[in-house]
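Peer 1: Residue numbers (the numbering used here): 40 to 714. From the three backbone atoms N, C-alpha and C, an ideal C-beta is built for every residue, glycine too. Supplied in structure tokens, the structure appears directly below.
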């Protein structure tokens with residue numbers, strides 16, 4: 040027996056297609072049914088890699104008695120939050136407005152007009168059945184009271200974010216002391232023992248460390264740089280990092296980066312690739328380079344499609360057990376690597392009775408390799424070579440296990456984040472294959488997900504579906520501009536500009552100067568939300584504001600810069616108050632204050648000269664180059680080589696250029712620092 044989810048593309052929805060619950064996908068049919076039958080709607084939202092979503096499905100949605108209550112009294116709608124983050128945002132806000140804890144699975148009860156009146160996350164089966172019966176009873180006997188309550192939440196949902204936080208877009212003076220205050224406030228929350236923010240569970244939060252890294256580079260603050268490197272070291276040594284294959288899990292449940300929820304999401308890995316690549320460029324520490332190359336190895340082996348897209352996620356569970364694929368018993372290792380086990384155990388904190396639950400071990404490094412090599416009488420290179428051999432052997436064994444579930448849909452925004460990470464990885468390692476992966480990925484997005492000028496959110500089985508959200512446009516625009524900087528092909532700048540203009544026409548709210556998350560013209564929802572706070576993925580508005588700042592420098596079109604400045608002006612007071620969740624905005628503050636250097640290289644040998652800029656990380660600059668005279672980008676127009684036709688480097692600020700120079704060193708000496 041199957042329900043109407045059977046026609047979905049989403050792996051998460053298909054997981055529920057054979058439940059006895061009469062699930063329907065979100066859409067006109069389900070919403071009309073609720074109205075015509077006057078039934079409350081149950082919206083249940085989750086995603087494929089979500090452990091507790093699987094648990095609730097097994098306990099409740101596969102249970103005949105529970106399904107009977109759901110089918111009799113509710114119109115039941117299942118939503119994949121990764122396909123429809125817009126609907127997830129609305130109902131997550133609603134549940135939090137009710138004073139309840141948010142999370143997934145998210146289960147929300149709505150009146151037939153889509154307005155919410157109650158919700159929650161995971162419920163054990165008995166509790167869930169009781170709740171269903173109580174709500175069915177309340178709807179039958181007190182529909183008017185529920186409607187009144189829903190009306191209140193509906194009004195609250197429609198309140199603009201800018202009104203809620205007292206934001207009004209407009210230009211403001213930017214002060215270096217304020218920027219220093221922002222950085223100091225963030226560092227005050229630093230965990231000096233384990234790195235990262237001093238909270239549990241621990242999320243990597245790449246936007247925080249991108250900002251601190253760039254700020255520290257610009258004001259030559261070694262102490263702050265060390266905090267970034269320390270954090271990335273601890274994450275890379277932790278159980279949150281897949282020590283055998285590469286790739287990062289979403290978060291650790293503890294404060295030590297030890298025990299992760301084992302799902303690997305594309306969006307985390309794209310951002311962390313970029314961050315580790317920058318860290319390697321600044322520090323030249325081989326540890327960071329190793330994490331970059333291993334993670335790209337994982338990406339190619341397990342996430343890449345033949346067409347050039349990247350899958351969305353890998354589940355935490357295999358064979359119904361969280362983390363089973365990744366962990367080892369001591370006995371197992373004793374059999375596989377008997378001679379090396381003494382030092383390997385010490386390196387990864389392995390215990391005969393297990394270092395985690397159920398007597399199993401997570402590979403969790405707390406010792407430095409060099410110290411262990413010395414202790415066990417090996418040279419550093421010998422140790423490295425043995426470790427590489429063992430990891431490869433254990434990976435081979437692990438690959439014979441049943442793999443975790445895969446969410447094999449392709450999401451344009453997450454692919455944009457990964458392309459950006461790959462481009463930065465190419466700069467750091469010089470491996471052209473990483474740039475090729477990124478370019479092929481962007482070509483795939485352009486060919487398959489951009490239809491009649493509209494970027495689509497998702498792609499599977501040869502079909503693009505669901506018009507994109509601001510998150511998708513923002514990430515793809517950013518990656519496209521980076522591709523233009525990386526290979527000088529103007530089609531990427533053209534793509535960034537055309538997608539930006541589409542966002543201005545469709546998503547921009549002139550009444551408050553910010554962008555809607557969903558395109559209000561594409562589908563009528565009960566609320567149109569704006570995403571302002573940076574989280575595990577930076578806010579789509581903050582990515583967009585930074586895009587517009589950079590796009591204005593490439594194109595010399597002030598309309599982009601004006602919007603970015605006004606958005607930053609509106610957010611400035613909030614950034615000063617709560618910088619921990621506004622770090623991508625803080626990065627824009629940095630770029631606007633310093634100001635951003637515009638580097639244009641034109642003439643014979645430009646494509647060789649640009650490599651020095653790419654390989655040596657300088658925060659707060661944009662790059663454009665061409666081996667011949669060109670008008671394909673305003674930043675390159677009217678620039679000329681020397682009298683012999685050889686490349687000259689122009690260092691410009693606000694479209695005003697210094698005297699051109701011919702070497703990287705001369706150009707870099709013209710860049711400003713924060714005093």
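In terms of alpha-carbon separation, which member of 643, 656 and 595 lies closest to residue 314?
Peer 2: Of the candidates 643, 656 and 595, the one whose C-alpha sits nearest the C-alpha of residue 314 is 656.
Peer 1: Buried or exposed: residue 127, going by 16 or more other Cβ atoms within 10 Å of its Cβ?
Peer 2: With 16 or more other Cβ atoms within 10 Å, it is buried.
Peer 1: For a minimum of 4 consecutive residues, which ranges assigned as the alpha helix (DSSP H) are wholly contained in the stretch 46 to 86?
Peer 2: Fully enclosed alpha helix (DSSP H) runs of 4 or longer: 50 to 54 and 67 to 76.
Peer 1: To the nearest angstrom, report how far apart residue 354 and residue 623 are at their CA atoms.
Peer 2: Taking the straight line joining both Cα atoms gives about 28 Å.
Peer 1: Decide if the stretch 313 to 329 is in contact with the stretch 255 to 274; the criterion is three or more beta carbon pairs, one per stretch, under 8 Å apart.
Peer 2: In short, these stretches touch, since the Cβ pair count reaches three.
Peer 1: So, helix, strand or coil for residue 149, using DSSP?
Peer 2: Looking at residue 149 - three-state DSSP - the assignment turns out to be strand.
Peer 1: Quick one: what's got a C-beta closer than 6 Å to residue 209's C-beta in the same chain, skipping five residues either side?
Peer 2: Taken in chain order, the residues that qualify are 605 and 608.
Peer 1: Tell me which same chain residues have a C-beta within less than 8 Å of the C-beta of residue 197, skipping the five on either side of it?
Peer 2: Hits under 8 Å: 565 and 566.
Peer 1: What are the boundary residues of the alpha helix (DSSP H) that includes residue 90?
Peer 2: Its alpha helix (DSSP H) spans residues 90 to 95.
Peer 1: May I ask you to report which of helix, strand or coil DSSP gives residue 294?
Peer 2: Three-state DSSP puts residue 294 in coil, outside helix and strand.
Peer 1: So, is residue 589 buried or exposed, given that buried needs 16 or more other C-beta atoms within 10 angstroms?
Peer 2: So residue 589 ends up on the buried side.
Peer 1: State the DSSP-derived secondary structure class of residue 623, mapped to helix, strand or coil.
Peer 2: DSSP places residue 623 in helix when its eight states are reduced to three.
Peer 1: Quick one: grab the DSSP three-state call for residue 134.
Peer 2: The answer is helix: DSSP assigns residue 134 an H, G or I state.
Peer 1: In terms of DSSP beta bridges, what is residue 691 paired with?
Peer 2: Per DSSP, 637 and 696.
Peer 1: Considering only DSSP beta bridges, list what residue 36 is partnered with.
Peer 2: Here the chain comprises residues numbered 40 to 714, so residue 36 is not present and cannot be evaluated.
Peer 1: For residue 536, count neighbouring Cβ atoms within 10 angstroms of its own Cβ and tell me buried if that reaches 16, exposed if not.
Peer 2: So residue 536 ends up on the buried side.
Peer 1: Go to residue 250, then tell me how far its alpha helix (DSSP H) extends in each direction, as first and last residue.
Peer 2: Note, residue 250: alpha helix (DSSP H), 245 to 257.
Peer 1: Mark residue 239 as exposed unless 16 or more other C-beta atoms lie within 10 angstroms of its C-beta, in which case mark it buried.
Peer 2: That one is exposed.
Peer 1: Can you tell me which of the three DSSP states residue 357 falls into?
Peer 2: Residue 357: strand per DSSP, three-state reduction.
Peer 1: Residues in the same chain with beta-carbon distance under 7 Å from residue 633, minus the five sequence neighbours each way, listed in chain order, please.
Peer 2: Taken in chain order, the residues that qualify are 257, 659, 711 and 713.
Peer 1: In three-state DSSP terms, what is residue 707?
Peer 2: Residue state, collapsed to three classes: helix.
Peer 1: Output yes or no for whether 8 Å exceeds the beta carbon distance between residue 339 and residue 88.
Peer 2: It is not a contact, given that the beta carbons lie outside the stated cut-off.
Peer 1: Note down, in chain order, each residue of its chain lying with its Cβ closer than 7 Å to the Cβ of residue 450, except the 5 sequence neighbours on either side.
Peer 2: Once the five neighbours on either side are set aside, the close Cβ partners of residue 450 are 121, 351, 496 and 497.
Peer 1: Suppose the cutoff is 6 Å on Cβ atoms and the five residues either side in sequence are ignored; what does the same chain contact list for residue 583 look like?
Peer 2: Within the same chain, residue 583 has close Cβ partners 513 and 554.
Peer 1: Kindly confirm or deny that the stretch 224 to 242 and the stretch 290 to 306 touch, where touching means at least three C-beta pairs closer than 8 Å.
Peer 2: Yes, the stretch 224 to 242 touches the stretch 290 to 306.
Peer 1: The alpha helix (DSSP H) spanning residue 169 covers which residue range?
Peer 2: Here the alpha helix (DSSP H) through residue 169 covers 164 to 196.
Peer 1: Along the chain, where does the beta strand (DSSP E) containing residue 109 start, and where does it finish?
Peer 2: Taken as a continuous stretch (DSSP letters only), residue 109 belongs to no beta strand (DSSP E), being part of the alpha helix (DSSP H) at 103 to 112.
Peer 1: Keeping to the same chain, check which residues put their C-beta closer than 6 Å to that of residue 84; ignore five residues upstream and five downstream.
Peer 2: Answer for residue 84: 118, 120, 127 and 145, listed in chain order.
Peer 1: What's the C-alpha gap between residue 93 and residue 41?
Peer 2: The straight-line gap from Cα to Cα measures roughly 18 Å.
Peer 1: Tell me whether the beta-carbon of residue 248 lies closer than 8 Å to the beta-carbon of residue 223.
Peer 2: Their beta carbons are not under 8 Å apart, which means residue 248 does not touch residue 223 by this criterion.
Peer 1: Out of 508, 54 and 648, which one is the CA nearest neighbour of residue 444?
Peer 2: Of the listed residues, the one whose Cα sits closest to residue 444 is 54.
Peer 1: Can you have a look at residue 505 and say buried or exposed, based on whether 16 or more other CB atoms are within 10 angstroms of its CB?
Peer 2: Result: buried.
Peer 1: Using 8 Å for Cβ pairs, my map puts residue 688 next to residue 706. What's the rounded Cβ distance?
Peer 2: That belief holds up - the Cβ atoms of residue 688 and residue 706 are roughly 4 Å apart, short of 8 Å.
Peer 1: Would DSSP call residue 471 helix, strand or coil?
Peer 2: Here residue 471 sits in helix by DSSP.
Peer 1: Of all the options 667, 98, 691 and 60, which has the alpha carbon lying nearest to the alpha carbon of residue 680?
Peer 2: Residue 667 is the option with its Cα nearest to residue 680.
Peer 1: Since residue 586 contacts residue 516 with CB under 8 Å, what's their CB separation in whole angstroms?
Peer 2: With 8 Å as the limit, residue 586 and residue 516 qualify as a contact, their Cβ atoms being about 5 Å apart.
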